[in-house]
Amino acid sequence: MPTISLRSLCPSQATSATLSGSLPSVIQTKGGLALVEIQGTLHVDSGSVQETVQEVKGKLEFGEKVYLSIGNQRLAGEVKKLNKSIAVVRRCGDNELEIKDIISHKVVFTSRPEPVS
1058 MPTISLRSLC PSQATSATLS GSLPSVIQTK GGLALVEIQG TLHVDSGSVQ
1108 ETVQEVKGKL EFGEKVYLSI GNQRLAGEVK KLNKSIAVVR RCGDNELEIK
1158 DIISHKVVFT SRPEPVS
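According to this note's numbering, the sequence shown is numbered sequentially starting from 1058.
Written out as structure tokens, the structure is:
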């Protein structure tokens, strides 16, 4: 079963606006970027900025279902195709935008977390 490590931030993306300790809403998979939709709030321990950037926060496991494990809790979810794809763009200068990726899928977690030991 393929797995992905989740980090709170990429070192190149560390900004004061995104250092709230929350997980990113977009993840990188072998097939490209995907949105992550969670019903609720994830609370993770936060240390210093450097520790937050480097520390693995959880793990996604892909199979028939998608499992998100964070600490001693696990969420079950599924991959869904978006009705309309979303372009991820980056500003390159004053009048130019660069398309970085097209997001066409999201990982949806709607159930309550299960305790794991």
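Heads up, the beta-carbon is just placed ideally off N, CA and C, and yes, glycines get one too.
Note that this is a predicted model, so its numbers are computed, not measured.
Residue i - DSSP class collapsed to helix/strand/coil
i       : result
Ser1174 : coil
Ser1079 : Residue confidence is low: Ser1079 scores 46 on pLDDT, short of 50, so the model does not pin down where it sits. Its coordinate-derived value is still stated next. Correct three-state label for Ser1079: coil.
Glu1121 : coil
Arg1169 : coil
Lys1087 : coil
Glu1153 : coil
Gln1130 : strand
Gly1115 : strand
Whole-Å CB distance - residue i paired with residue j, under 8 angstroms assumed
i       : j       : result
Leu1132 : Leu1139 : In fact, because the Cβ distance is near 20 angstroms, the residues do not count as touching under 8 angstroms.
Ile1084 : Leu1117 : 7 angstroms
Ser1142 : Ile1127 : The Cβ separation is near 28 angstroms, so there is no contact.
heavy atom of the ligand NAP below 6 angstroms from residue i C-beta
i       : result
Leu1125 : The ligand NAP is not among the ligands present in this structure, which contains no ligands whatsoever.
CB contact flag (residue i, residue j, <7 angstroms)
i       : j       : result
Val1123 : Gly1134 : yes
Val1093 : Val1173 : no
Asp1158 : Gly1089 : yes
Worksheet entry | Segment contact flag, the stretch 1111-1129 with the stretch 1141-1150, C-beta cutoff 8 angstroms, min 3 pairs | When C-beta atoms of the stretch 1111-1129 are compared with those of the stretch 1141-1150, fewer than three pairs fall below 8 angstroms, so the two segments do not count as touching.
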